[in-house]
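Report on the following structure.
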Amino acid sequence: MIDRLLVYIGRHVDSYLLAAIGALLVVGLITLYSASGESFARVGNQLANVGIALVVMWLAANIPPHYIQRLAMPVYLLGLVLLLAVMFFGEITNGAQRWLDLGVTRIQPSELMKIGVPLALAWYFDRYEAILKLRDFLIAAIMMAVPVLLIAEQPDLGTSLLVGAAGFFVIFLAGLSWKIVIGIAATALGCLPLLWSLMHDYQRQRVITLLDPSQDPLGAGYHTIQAAIALGSGGLFGKGWLNGTQAHLDFLPERTTDFIFAVFSEEFGLFGNIILVTLFLFVIGRGLFISFNASTLFTRLLAGAITMTFFTYVVVNMGMVAGVLPVVGVPLPLVSYGGTSLVSILFGLGILMSIQTHKRLVQS
Amino acid sequence: MMLGGARRAELRDHQKEMQSFQLRLGLMASMILVVFGALLLRLFYVQVIQHDYYHTLAENNRISVVPIVPNRGLILDRNSAVLAHNYAAYTLEITPSKAGKLDALINELSAVVDITPRDRKRFRKLLDEGHDFASAPIRTRLSDEEVARFAANKYRFPGVDIRARLFRHYPNGEVASHVLGYIGRINKRDLGRLEELGAAPNYAGSDFIGKVGLEGRYEQELHGTTGFEEVETDAGGRAVRTLRSTLPISGNNLLLSLDARLQNVAEQVFGDRRGALIAIDPTTGGVLALVSKPGFDPNLFVDGIDPQNWDALNNSPDHPLNNRALQGVYPPGSTFKPFMAIAALELGKRSPGYSIGDPGYFTLGGSHRWRDWKPAGHGVVDLHKSIVVSCDTYYYGLAHDMGIDNLHKFIGQFGFGKRTGIDIDGEVGGLLPSEEWKLRRFKQKWYPGDTISVGIGQGYNLATPMQLAQATAVLANRGVIYRPHVVRQIQNSQSGALTTIEPAPIGRIELKDENVTRVTEAMVDVMKPGGTAAVAGMGAQYRIAGKTGTAQVIGIKQNEKYDERRINERHRDHALFIAYAPADAPTIAVAVLVENGGHGSSSAAPVARKVMDFYLLGTEPPVDKPKEDTEEPGGD
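In order, the protein sequences belong to chains A and B.
To get this note's numbering, take the position in the first sequence, counting from 1, and add 35.
To get this note's numbering, take the position in the second sequence, counting from 1, and add 1.
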């Protein structure tokens, strides 16, 4: 009976992914216990988040890809409407208009677009699979650009770049001509000064701070400097679990969320980091494998985009903590404290599982 | 056909598409590996190559070293009476970098604790002097009530804190102020000196340093060793726990040869007069009393002197901050004669029986007359009488016969013309001339006429009261020289062990006993009827050997008469007196100088007598002030 239940539950779960996800979640909980000042309440909270997110993942894994395909455009359009609503009715917090108050709960439509854009683009390319022309790529680019610009206007540069990246991965994998890819890359480089002039002061400050954190050691540079101290003082083997002085004496800001990687590095050192990076690499590798073997263009593109977005999160967060990327509010997937990001990440990974497991069923 | 062709094309397309997709996926995978590789390289760089650097930063973040200031050593007199000690008091301190507008802040503060305009000025002065310390006190010695009132209002005053600090206190106030000196706030010059000595780390957290007197000279003994506490602090700067602490080592105590009661008596009998007194134990060189009047209250300096008091001390015509005993140079006058006498006997320039007829002046054959203080002369004068009546003419001739270089060489042995080496800074050397000196100083030849006045302690002849006291002690000790010293023992604060500064003789003048006795006997007769200090010697229960002196402040022309009453008080002669007692086995040698006091017999000798009475007999002097005895005949 129980055996059959387990088989039923595990039917659409990819065990390789699940193993790596489980390991990363455990790493996250262990580090959170230390980063939160040994607070069981915090760890308990996160455990509840993990439970909910795993259920979401399981549900996503059990939705067959063709249902997901059907939902793609509705999700995208809903996200677009909500983004427009934010623009006109959104709440302003910390100088940015990101939240929409629905009376019952507040939502951040830009989060929805992280999955909405790749879904819509993959759907579009799949639909016109046989006759893809340059015009289609142009339409796809517009579908991507509208939400990206709306999010950038809020302003939320970090999220808009991540959404844009997710869209770009789909377009690239769909076979955008190399000439155009290179052309876009060259134009993007050329437009950097223009981007600079369009940036808000606080955004510029983040970039300046990245180049020289010591310029503002108590302000914007503080995060970067304290994170570097945490990493560097951790050394090869780390100071040991619960022994990180930077974390335990409050020097590290945001240490349970965006900077949890600094806490991990301080306590477990370079060896811990190698293990952590290996776990992430495993998830990403498995994602690419799923994408490689997916049976339809839609699933190929979606799996590739989800995997690459996951990779982008990991690199942006670790790069920020390691002091090579500007400080943007991107959590470390599966490790940082917080329910929203955990749910959306595991939802994406659940779709990957669905793509993998339903294909197998179809084939068999 | 059409359909089949289309399908083939589609299939080809599909295959091509798949290949393109897989190629692109492969490119992505390679990019991922490169990016993660770069990330790991970066982590390797930060965590391994830069590890030491960041490790230090983390420790600096975490650990702050808090210095613990040691207790300053005590200063005790020969009977263990406390002359300088420390007491704990609350101060109200402002950290300007954390406080906002200072004036507004101080105004608000004054509603909670009393802040006088004087406090404000002193605070301003401390800030203006550009000290490097983080906080400066606006008020010191808060009462318990004020502490409580401020504590209740503290939230209103960021950057203002109450601190418990140890303060130096000199319980006797002005008494012995020139011996003890004072401590003051460390200024930039002090800091520079400490850095040169490499002692700056030991002053971390210290605000005070000995400036002058024993406090300055024995700073290294008194200060002690600063302790440290390593405290783990959080990002807010709050101490979380103490990791390690090294306790401070208190400064060592100074045990003086000085007798505070004797010092007190000496200062009392000095009254309001300006001048100096030094009493030395000739058998050890230990200083029993050292007075320089007027003095000052060293307590004023302890936490930064306010401008008003500073101006008062600095601009007073009496120069209370000058240590007259060590820095004042005066012509020794007739107190120089006993040293001339012993030189004459030792060098064979005069025999005890040799007499002169004193016409009241001396000439070298020319028209210039060196006058005796007694215009009519003293008649027939031998060596004994020359001291008893202080005959100038006798010494004019003697000096001339001896010659300046013989005089310089022999009398220089008593310490004239050079620093005595007492353990208080700032001493000057006085002047005992020689031919070589005049050539060097004025590029002029020494004339025989220059020697004449030197013989009676005038002319190119200047001594500090300290030198006079030292020379007197050497004579009393029959030529055995000790370096005068105020500190007798240093007591280790930890073990209590006493290090005695050994009173080893530093030199010896070969003097024939009979010659010393002859001069001593003459000096004993100075204190008896017929002698110049007969009044001061009256009724003494022990034998005193003394010599009066008078030093001219202004020159008197050849045919002019000195009339005390017609001269401005500050131009009157300085009165001098040297003595030792008991004459046969002296245990105290005294030199007294009273500025503008007139004759040594009338104003200086009685002071010395009272000091010796107290030291030798324990007799307290009468409480009333010593009266000016103007009836005394000119005793020089």
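Positions of the beta carbon are idealized from the N, C-alpha and C atoms, including for glycine.
In this text, all values refer to a predicted model and were calculated from it rather than measured experimentally.
If you draw a straight line from the alpha carbon of residue i to that of residue j, how long is it in whole angstroms?
i                      : j                      : result
residue 84 of chain A  : residue 372 of chain A : 9 Å
residue 296 of chain B : residue 322 of chain B : 7 Å
residue 627 of chain B : residue 534 of chain B : Below a pLDDT of 50, predicted positions are generally treated as unreliable, and residue 627 of chain B, at 45, falls in that range; no measurement from the model is reported.
residue 80 of chain B  : residue 260 of chain B : 7 Å
residue 39 of chain B  : residue 291 of chain A : 25 Å
residue 240 of chain B : residue 229 of chain A : 49 Å
residue 24 of chain B  : residue 166 of chain A : 20 Å
residue 122 of chain A : residue 185 of chain A : 8 Å
residue 217 of chain A : residue 200 of chain A : 16 Å
residue 620 of chain B : residue 614 of chain B : 6 Å
residue 44 of chain B  : residue 254 of chain B : 57 Å
residue 68 of chain B  : residue 200 of chain B : 14 Å
residue 1 of chain B   : residue 137 of chain B : Absent from the structure is residue 1 of chain B, since the part of chain B shown begins at 2 and ends at 637.
residue 322 of chain A : residue 316 of chain A : 10 Å
residue 394 of chain A : residue 101 of chain A : 11 Å
residue 576 of chain B : residue 139 of chain B : 46 Å
residue 133 of chain B : residue 227 of chain B : At residue 133 of chain B, the pLDDT of 49 sits below 50, so the modelled position is not reliable; the number obtained from the coordinates is stated separately. Their Cα atoms are separated by approximately 18 Å.
residue 191 of chain B : residue 316 of chain B : 24 Å
residue 622 of chain B : residue 429 of chain B : 32 Å
residue 245 of chain B : residue 207 of chain B : 20 Å
residue 455 of chain B : residue 327 of chain B : 21 Å
residue 269 of chain B : residue 611 of chain B : 10 Å
residue 146 of chain A : residue 270 of chain A : 36 Å
residue 54 of chain A  : residue 280 of chain A : 31 Å
residue 486 of chain B : residue 470 of chain B : 12 Å
Under 8 Å by Cβ, that's how I've got residue i and residue j pegged, so tell me the actual separation to the nearest angstrom.
i                      : j                      : result
residue 465 of chain B : residue 431 of chain B : 5 Å
residue 104 of chain A : residue 333 of chain A : 5 Å
residue 233 of chain B : residue 277 of chain A : Going by Cβ atoms, the distance from residue 233 of chain B to residue 277 of chain A rounds to 15 Å, so no, they are not a contact pair.
residue 529 of chain B : residue 538 of chain B : 6 Å
residue 363 of chain B : residue 462 of chain B : With a Cβ gap of about 16 Å, residue 363 of chain B and residue 462 of chain B do not count as contacting.
residue 212 of chain B : residue 184 of chain B : 6 Å
residue 384 of chain B : residue 353 of chain B : 5 Å
Going by Cα to Cα distance, which pick from the options is closest to residue i?
i                      : options                       : result
residue 302 of chain B : B:371, B:181 and B:347        : B:181
residue 103 of chain B : B:125, B:582 and B:91         : B:125
residue 198 of chain A : A:296, A:365 and A:374        : A:365
residue 326 of chain A : A:39, A:289, A:221 and A:388  : A:388
residue 523 of chain B : B:504, B:510 and B:544        : B:544
residue 477 of chain B : B:591, B:527, B:387 and B:443 : B:591
residue 343 of chain B : B:482, B:205, B:511 and B:437 : B:511
residue 265 of chain A : B:54, B:272, B:483 and B:475  : B:54
residue 598 of chain B : B:277, B:580 and B:526        : B:277
residue 600 of chain B : B:573, B:616 and B:582        : B:573
residue 229 of chain B : B:221, B:293 and B:64         : B:64
Taking Cβ-Cβ distances shorter than 7 Å, what residues in chain C pair up with residue i?
i                      : result
residue 305 of chain A : The question asks about chain C, but that chain is absent: this structure's protein chains are A and B.
### Message
If we require 3 or more residues per run, which beta strand (DSSP E) segments fall completely within the region 333-399 of chain B?
### Response
Counting only runs of 3 or more residues that sit fully inside the region 333-399 of chain B, the beta strand (DSSP E) segments are 356-359 and 380-383, in chain order.
### Task
May I ask you to list, following chain order, the residues of the region 321-338 of chain A that have a beta carbon less than 9 Å from some beta carbon of chain B?
The residues in question are 323, 326, 327, 332, 335 and 336.
### Against chain A: residues of the region 230-255 of chain B by CB proximity under 9 Å
Residues passing the 9 Å Cβ filter: 233, 234, 235, 236, 237 and 241.
### Interfacial residues, the region 467-486 of chain B to chain A, with Cβ spacing under 7 Å
When CB distances to chain A are screened at a threshold of 7 Å, not a single residue of the region 467-486 of chain B falls below it.
### Completely contained alpha helix (DSSP H) runs for the region 305-382 of chain A, where each covers 4 or more residues
When DSSP assignments are scanned along the region 305-382 of chain A, the uninterrupted stretches of alpha helix (DSSP H) that are 4 or more residues long and fall wholly within it turn out to be 332-356.
### Message
Can you pull out the residues from the region 373-398 of chain A whose beta carbon lies closer than 8 Å to at least one beta carbon of chain B?
### Response
Listed in chain order, the positions of the region 373-398 of chain A with a beta carbon within less than 8 Å of a beta carbon of chain B would be empty, since no residue qualifies.
### Task
Output the residue ranges of the beta strand (DSSP E) runs that lie fully inside the region 456-504 of chain B and measure 3 residues or longer, sorted by chain position.
Correct list: 481-483, 488-492 and 499-501.
### Message
What are the residues in the region 345-356 of chain A lying within 9 Å of chain B by C-beta distance?
### Response
Taking 9 Å as the Cβ-Cβ cut-off against chain B, the residues of the region 345-356 of chain A that qualify are 346, 349, 350, 353 and 354.
### Query
Just by C-beta distance, which residues in the region 19-51 of chain B are closer than 7 Å to chain A?
Against chain A - using a Cβ distance shorter than 7 Å - the residues of the region 19-51 of chain B are 21, 22, 23, 25, 26, 29, 30, 33, 36, 37, 40, 41, 43, 44, 45, 47, 48, 49 and 51.
### Task
Please name the residues in the region 199-226 of chain B whose beta-carbon is closer than 8 Å to at least one beta-carbon of chain A, in chain order.
Hits within the stretch: zero.
### Task
Can you check the region 249-278 of chain B for any alpha helix (DSSP H) of at least 4 residues that lies completely inside it and give the ranges in chain order?
DSSP runs (the alpha helix (DSSP H)) wholly in the region 249-278 of chain B: 261-271.
#### Entry: Cβ-based contacts, 7 Å cut-off: residues of the region 55-76 of chain B near chain A
Across the region 55-76 of chain B, CB contacts with chain A closer than 7 Å involve 55, 56, 58, 59, 62 and 63, in sequence order along the chain.
### Query
Which residue spans inside the region 506-578 of chain B form an unbroken alpha helix (DSSP H) run of at least 4?
Those alpha helix (DSSP H) runs which fall completely within the region 506-578 of chain B and span 4+ residues are 514-527 and 535-538.
### Message
Any C-beta of chain B within less than 8 Å: which residues of the region 262-287 of chain A qualify?
### Response
Correct list: 263, 264, 265, 266, 267, 268, 269, 270, 271, 280, 281, 284, 285 and 286.
#### Entry: Residue ranges of each beta strand (DSSP E) within the region 279-320 of chain B, 3 or longer
The qualifying runs are 287-294.
### Query
the region 66-92 of chain A: which residues have C-beta closer than 9 Å to a C-beta of chain B, in chain order?
For the region 66-92 of chain A, which is checked against every Cβ of chain B, not one residue is closer than 9 Å.
### Message
Report the start-end ranges of each beta strand (DSSP E) in the region 128-159 of chain B that is 3 residues or longer and not cut off at the edges.
### Response
DSSP runs (the beta strand (DSSP E)) wholly in the region 128-159 of chain B: 137-140.
### Query
Between the region 210-241 of chain A and chain B, which residues of the former have CB atoms less than 7 Å from a CB of the latter, in chain order?
Within the region 210-241 of chain A, the residues whose Cβ lies closer than 7 Å to any Cβ of chain B are, in chain order, 210.
### Query
Which ranges would you report for the alpha helix (DSSP H) in the region 169-200 of chain A if only whole runs of at least 4 residues count?
Taking only runs of at least 4 residues, the alpha helix (DSSP H) segments lying wholly in the region 169-200 of chain A are 169-188.
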